[in-house]
Amino acid sequence: MGSIRPRAETGKLFIDFSYQKIRCREQTLLDNTSTNRRRLEALLVKIENEISLGIFDYAKTFPNSPRAKKFASESQQLNGIPLFSDFVDEWWEENAFRWKRSGIKNMKSILNKHLLPKFANITINTITKGDILKFRAKLSDLPGRTGTKLSSKRINNILQPLKSILDEAAERYGFVSPFRSIKRLPVKKSDVNPFSLVQVMHFLDEVRPDFRNYYSTRFFTGMRTGEIDGLRWKNVDFERKLIYVREAFTYGKMDTTKTFDSNRDIQMSSFVYNTLMEQRKITINYSEYVFCNHVGRQLDLANITKRIWYPTLTRLGLEKRTPYQTRHTAATLWLSAGESPEWVARQLGHTSSQMLFQTYSRYIPNATRQDGSAFESLIKNCTPTKSKESHEFSK
Numbered sequence: 048m049g050s051i052r053p054r055a056e057t058g059k060l061f062i063d064f065s066y067q068k069i070r071c072r073e074q075t076l077l078d079n080t081s082t083n084r085r086r087l088e089a090l091l092v093k094i095e096n097e098i099s100l101g102i103f104d105y106a107k108t109f110p111n112s113p114r115a116k117k118f119a120s121e122s123q124q125l126n127g128i129p130l131f132s133d134f135v136d137e138w139w140e141e142n143a144f145r146w147k148r149s150g151i152k153n154m155k156s157i158l159n160k161h162l163l164p165k166f167a168n169i170t171i172n173t174i175t176k177g178d179i180l181k182f183r184a185k186l187s188d189l190p191g192r193t194g195t196k197l198s199s200k201r202i203n204n205i206l207q208p209l210k211s212i213l214d215e216a217a218e219r220y221g222f223v224s225p226f227r228s229i230k231r232l233p234v235k236k237s238d239v240n241p242f243s244l245v246q247v248m249h250f251l252d253e254v255r256p257d258f259r260n261y262y263s264t265r266f267f268t269g270m271r272t273g274e275i276d277g278l279r280w281k282n283v284d285f286e287r288k289l290i291y292v293r294e295a296f297t298y299g300k301m302d303t304t305k306t307f308d309s310n311r312d313i314q315m316s317s318f319v320y321n322t323l324m325e326q327r328k329i330t331i332n333y334s335e336y337v338f339c340n341h342v343g344r345q346l347d348l349a350n351i352t353k354r355i356w357y358p359t360l361t362r363l364g365l366e367k368r369t370p371y372q373t374r375h376t377a378a379t380l381w382l383s384a385g386e387s388p389e390w391v392a393r394q395l396g397h398t399s400s401q402m403l404f405q406t407y408s409r410y411i412p413n414a415t416r417q418d419g420s421a422f423e424s425l426i427k428n429c430t431p432t433k434s435k436e437s438h439e440f441s442k
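This note's numbering applies: residue 48 is where the sequence shown begins, and numbers increase by one.
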């Protein structure tokens, strides 16, 4: 027969009961009051009833208890169903080789920060839909990097590996995945807030001279940050006027591009060609990278965004927006000029033009061309007014 007693040194109540012929004492944070005693006595009755029926789940009742994993492991040996943490180890070994370095880093963060602290010691087939919904609700109260609560998109990203893990375990061990009827949270579409061509030219006039070539290339190629920061001279073909996008600089290391279809050949406009020819004079003898810092290494995005990008927008009185808008700007300028959506999709590394129509439909005119010449005509007489003076290399 179990009991509820206070701990002498703290006065906090603990539950004292026997399970599988082992005496178990589980500490609570409740003070020794009559109300708290009644609450714990009711819990103790429930525990003893479940033990007698053979359905008591130690890990679910006391998820933070050191004993939970011990009892769950013993149960696992009897029925062959692993703990969540043990199945995660197996799932990781089977899948990690497929992920990019950035994906591995993100997955480790999600597992160690969110999923394992919550589910590690629970037998995987006992996780319920209610457990997941409660977990999701708690995530919605957590602060993000900016101090605001986690966004729906971030919560969905955290839950996606949990879904993959539980779906795979359900298939292997013959239980119904608790995710079967849980829908993703609705996510607000990211804002497309491109610059006009006039704003682009004003920006290039105002930006620090040693970064003018960098931002010119960003604005008029639509390259992602990792792609342009990892661009090497060996992948710039002046003879064919092509930029070969084959790798990206992410999380401080060179890696493959975002997706297989991100590997592409970007057709240089005359403006981009001239910009890169000028940049070649500056960095070709210092670095294998087209755009680099004073020691020939890749640029630090956070640093230049804070020191160069945002201050330039402020001086021009332009709305604050992320550097990713240079990619949106390239897309909208091409489309507004009348370029073929299929051609634009190839430039950006999309598998089809469907995403372009979804994202940029208001910028697509009825008549389109096929070869980039429409944009050439648009930009021909619109160039930065300041001379293209540049420092030797960006600091």
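Even for Gly, the Cβ is constructed at its ideal location relative to N, Cα and C.
Nearest-angstrom Cα separation, counted from residue j out to residue i
| i | j | result |
| --- | --- | --- |
| D104 | S149 | 37 Å |
| P225 | P190 | 26 Å |
| F250 | R259 | 9 Å |
| K176 | I229 | 8 Å |
| S95 | K236 | The residue you asked about is not Ser; residue 95 is Glu in the sequence shown. Answer to the nearest angstrom: the Cα atoms are 51 Å apart. |
| P53 | T108 | 20 Å |
| L209 | V254 | 44 Å |
| P256 | T352 | 15 Å |
| R86 | E141 | 45 Å |
| S309 | M270 | 10 Å |
| E73 | L100 | 21 Å |
| A414 | M324 | No answer about A414 holds up, because its pLDDT of 44 lies below 50 and its placement is not dependable. |
| S243 | S316 | 18 Å |
| E137 | R231 | 26 Å |
| I69 | G49 | 12 Å |
| E366 | L346 | 24 Å |
| I329 | L130 | 57 Å |
| L206 | K288 | 44 Å |
| P358 | F338 | 20 Å |
| E97 | A89 | 13 Å |
| A184 | L197 | 11 Å |
| E286 | W390 | 21 Å |
| S112 | R227 | 30 Å |
| D312 | V342 | 28 Å |
| Q314 | H397 | 15 Å |
| Q246 | I355 | 16 Å |
Other residues of its chain near residue i: CB distance less than 8 Å, five sequence neighbours each side excluded
| i | result |
| --- | --- |
| D379 | One detail in the question is off: residue 379 reads as Thr in this sequence, not Asp. So the qualifying residues of the chain are V239, P241, Y407 and Y410. |
| L348 | T272, D276 and P370 |
| F118 | Y66, Q67, Y105 and A106 |
Contact set for residue i: own chain, Cβ-Cβ below 6 Å, skip 5 residues either direction
| i | result |
| --- | --- |
| S434 | Its pLDDT being 49, under 50, S434 is placed unreliably by the model, and the measurement read from it follows with that caveat. Contacts found: none. |
| Y262 | V254 |
| T195 | none |
| R374 | G269 |
| I234 | Correcting the residue identity first, residue 234 is Val in this sequence and not Ile. The answer, listed in chain order, is S199 and K200. |
| N155 | The question names Asn, but residue 155 in the sequence shown is Lys. Answer for K155: no residue qualifies. |
Residue i - partner residues in DSSP beta bridges
| i | result |
| --- | --- |
| S65 | R70 |
| I290 | V283 and I313 |
| K59 | D78 |
| F258 | None, per the DSSP bridge assignment. |
| L130 | T170 |
| K196 | P190 |
| P53 | L60 |
| Y448 | Any property of residue 448 remains undetermined from this structure, which presents the chain solely from 48 to 442. |
Beta-carbon contacts of residue i that lie in its chain and below 7 Å, excluding the five residues immediately before and after
| i | result |
| --- | --- |
| R114 | C71 and Y105 |
| A392 | S399, S400 and L403 |
| Y220 | I128 and N172 |
| A217 | V223 and S224 |
| D63 | G49, S50, R52 and R72 |
| L360 | K367 |
Best match in the options for proximity to residue i [C-alpha to C-alpha]
| i | options | result |
| --- | --- | --- |
| D284 | F296, L365, R231 and Y320 | Y320 |
| D302 | Q314, M248, R279 and T322 | R279 |
| S334 | I202, G49 and K281 | K281 |
| E274 | F61, I62, N153 and Q394 | Q394 |
| A377 | R293, Y291, M248 and L360 | M248 |
| D78 | A89, E88, L60 and L91 | L60 |
| I202 | L363, L162 and S81 | L162 |
| D133 | F64, I102, N340 and A167 | A167 |
| T322 | N340, I290, N350 and R344 | I290 |
| I157 | T170, I174, W139 and E56 | W139 |
CB contact below 8 Å: residue i versus chain D
| i | result |
| --- | --- |
| D133 | Annotation note: the requested chain D is absent from the structure, which comprises a single protein chain. |
Check whether the region 255-275 touches the region 197-216, taking contact to mean three or more Cβ pairs, one atom from each stretch, closer than 8 Å.
no
Taking contact to mean at least 3 C-beta pairs separated by less than 8 Å, is the region 294-303 in contact with the region 135-150?
yes
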